[in-house]
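**Q** Start counting the sequence shown at 4; every next residue gets the next number (the working numbering).
Even glycine gets a Cβ: it sits at the ideal position worked out from N, Cα and C.
Source: prediction; values computed, not measured.
Sharing a structure below in structure tokens format, with a few things to ask.
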Amino acid sequence: AYSAAKAAEAHLARCLAVEGGPAGIRVNTVLPDAVLQGSAIWSGRWREERAVAYGIAPDELEEYYRRRTLLGVTVSPDDVAAAVAFLASSHSAKTTGCMVTVDGGVAAAFTR
4 AYSAAKAAEA HLARCLAVEG GPAGIRVNTV LPDAVLQGSA IWSGRWREER
54 AVAYGIAPDE LEEYYRRRTL LGVTVSPDDV AAAVAFLASS HSAKTTGCMV
104 TVDGGVAAAF TR
């Protein structure tokens, strides 16, 4: 269900970009990797379930996400905010229908 919802979100954004473009309306999406820092969802039960699914201890979860990226980084709220700020700025005035991935290069998420 999660993958289908993400695909639907991306397709909707592209459709809105097609429809809004002639009126100067830009529609883009930001696709972040898991943001553990400052996120309530990553405390408690959800964190434990993810750790069990990956076969690791809950305190190893951040390192697991860091290691799976090509750049060896974790994604912070500031990283996501910077992408959103770019898309909201005049620097992206000619960008629409775009998906900006902020994930440090998660190869498993690459289009095949």
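When you compare only the Cα positions, how much space is there between Ser93 and Gly100?
**A** Sequence index remark: in the sequence shown, residue 93 carries index 90 (1-based). Sequence index remark: in the sequence shown, residue 100 carries index 97 (1-based). Approximately 16 Å, taken between the alpha carbons.
**Q** Looking only at DSSP bridge pairs, what is Leu118 linked to?
**A** Nothing can be reported for residue 118: it is not among the residues displayed for the chain, which extend from 4 to 115.
**Q** Whole angstroms is fine: what's the gap from Pro35's alpha carbon to Ala8's?
**A** Residue numbering aside, residue 35 sits at position 32 when the sequence shown is read from its first letter. Residue numbering aside, residue 8 sits at position 5 when the sequence shown is read from its first letter. So the alpha carbons of these two residues sit roughly 15 Å apart.
**Q** Please look up how many angstroms separate the CB atoms of Gly107 and Leu74, rounded, as I've assumed it's under 8 Å.
**A** Position 104 of the sequence shown, counting from 1, holds the residue named residue 107. Position 71 of the sequence shown, counting from 1, holds the residue named residue 74. Between Leu74 and Gly107 the Cβ distance is about 4 Å, and since that is below 8 Å, they are a contact.
**Q** Please name the residue, chosen from Ala10, Val55, Trp49 and Gln40, that lies closest to Arg69 on a Cα-to-Cα basis.
**A** Locating residue 69 in the sequence shown gives position 66, where the first residue counts as 1. Looking from the CA of Arg69, the closest CA among Ala10, Val55, Trp49 and Gln40 belongs to Gln40.
**Q** Taking the beta strand (DSSP E) that Val105 belongs to, which residues open and close that run?
**A** Mapped onto the sequence shown, residue 105 falls at position 102. Note, Val105: beta strand (DSSP E), Met102 to Val105.
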